[in-house]
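What follows is a single structure, written as structure tokens, with notes after it.
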Amino acid sequence: MALRVAVTGASGRMGQAVARAIATEPETDLACLVARPGSQLIGSSAASIVGDVNCPITFSDVLDLDAVDVVIDFTFPESSLVIACACADAGVPIVIGTTGFSEAEQADLESTLASVARCQAANFSTGVNLAYRLLSLAAQVMGADSDIEIHEAHHKHKIDAPSGTALAMGQTVASAMGQSLSDVAQYDRANEREARAPGSIGFSVTRAGEIVGEHTVLFAADGERLEITHKAGSRDAFANGAVRAAKFIANKPAGAYTMSDVLGLS
Ligand code: NAD
21 MALRVAVTGA
31 SGRMGQAVAR
41 AIATEPETDL
51 ACLVARPGSQ
61 LIGSSAASIV
71 GDVNCPITFS
81 DVLDLDAVDV
91 VIDFTFPESS
101 LVIACACADA
111 GVPIVIGTTG
121 FSEAEQADLE
131 STLASVARCQ
141 AANFSTGVNL
151 AYRLLSLAAQ
161 VMGADSDIEI
171 HEAHHKHKID
181 APSGTALAMG
191 QTVASAMGQS
201 LSDVAQYDRA
211 NEREARAPGS
221 IGFSVTRAGE
231 IVGEHTVLFA
241 ADGERLEITH
251 KAGSRDAFAN
261 GAVRAAKFIA
271 NKPAGAYTMS
281 DVLGLS
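Numbering (my numbering), first residue to last: 21 to 286.
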């Protein structure tokens, strides 16, 4: 039997890409599409969204987990926390793509989900998760001799900055050099009149148009520069990865699984 997947945030850009990916993947079935309460989509057919006229699913504002094997959530942090509670109560695994959790919200999320299998990633694309491995290597080999800067660009609708992926890249680089990102991150230079702090990791952000997601980590050493860049061409990269993660965790024991686990990079 195909894996029955519920999508929360189904009225959103990522939710709709995930719904299409589930409908396209032979091993998964759309079980439930949840839009935010009050959405105009409630009650309407998902056929046009998933590109299948025979799709029997309609948008709902209720997450009914009775006949669901796994949930994929791309919403807002406060919504994800409510959805996580429902999954924990019902013992249903969850893939969380939402970004922008505060430290307190992240701690709350982790304790709420302690009893179920879950996979949370700031970026579900295969290329980005491979980039983490490359960044770790680059940081070990030339990080100590380089100025490290991270630039990310996203569409004008994105509300959190820097992106969760940029922060995860920063964490990867910092921890490969035995540091904590919070000690070395430099997010804002607008009010500073001084040269770059040695050992810092600088962040810069672009919000414009409909850019899906671009990240570059620059290692600038004496006489040479290394740039590791990932560009997402469409949301399908994230949606396909999230569906792959859902298939991976669906029958796993309770625990926090990473995309490295899903992709066999651990
Ligand atoms: P979006 O605003 O288009 O979609 C979010 C949707 O969630 C909205 O339609 C909203 O109405 C809906 N929603 C809010 N509360 C809800 C609830 N309680 N139940 C059901 N639906 C609810 O945003 P988006 O571009 O789709 O991104 C969503 C999140 O995913 C953001 O945090 C974004 O940063 C993140 N994201 C993650 C990845 C990844 O690979 N992890 C990739 C892209 C985006």
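Even for Gly, the Cβ is constructed at its ideal location relative to N, Cα and C.
Nearest-angstrom beta carbon gap, residue j and residue i [assumed within contact, 8 Å]
| i | j | result |
| --- | --- | --- |
| residue 25 | residue 50 | 6 Å |
| residue 179 | residue 205 | The Cβ separation is near 20 Å, so there is no contact. |
| residue 136 | residue 113 | 5 Å |
| residue 223 | residue 37 | Between residue 37 and residue 223 the Cβ distance is about 26 Å, and since that is not below 8 Å, they are no contact. |
| residue 263 | residue 45 | 6 Å |
| residue 54 | residue 78 | Not quite, the Cβ-Cβ distance comes to about 11 Å (not below 8 Å), so this is no contact. |
| residue 235 | residue 186 | 6 Å |
Simplified DSSP assignment, three categories, for residue i
| i | result |
| --- | --- |
| residue 45 | coil |
| residue 81 | coil |
| residue 95 | coil |
| residue 214 | coil |
| residue 157 | helix |
| residue 100 | helix |
| residue 254 | coil |
| residue 133 | coil |
| residue 75 | coil |
| residue 152 | helix |
| residue 147 | helix |
| residue 125 | helix |
| residue 206 | strand |
Endpoints, the beta strand (DSSP E) within which residue i is located
| i | result |
| --- | --- |
| residue 170 | 167-174 |
| residue 224 | 221-227 |
| residue 27 | 23-28 |
| residue 230 | That residue, residue 230, is in no beta strand (DSSP E); it is neither H nor E in DSSP. |
Residue i CB to nearest heavy atom of ligand 1 below 7 Å
| i | result |
| --- | --- |
| residue 56 | yes |
| residue 287 | Here the chain comprises residues numbered 21 to 286, so residue 287 is not present and cannot be evaluated. |
| residue 120 | yes |
| residue 223 | no |
| residue 192 | no |
| residue 29 | yes |
| residue 117 | yes |
| residue 78 | no |
| residue 258 | yes |
| residue 280 | no |
| residue 226 | no |
| residue 143 | yes |
| residue 59 | yes |
| residue 178 | yes |
| residue 95 | yes |
| residue 64 | no |
| residue 12 | Since the first and last residues shown for the chain are 21 and 286, residue 12 lies out of range. |
| residue 254 | no |
| residue 88 | no |
| residue 102 | yes |
| residue 220 | no |
Continuous alpha helix (DSSP H) stretch holding residue i: start and end
| i | result |
| --- | --- |
| residue 186 | 184-196 |
| residue 67 | 67-70 |
| residue 282 | 279-283 |
Residue i beta carbon near ligand 2 (any heavy atom closer than 7 Å)
| i | result |
| --- | --- |
| residue 267 | This structure simply doesn't include ligand 2; it includes ligand 1 instead. |
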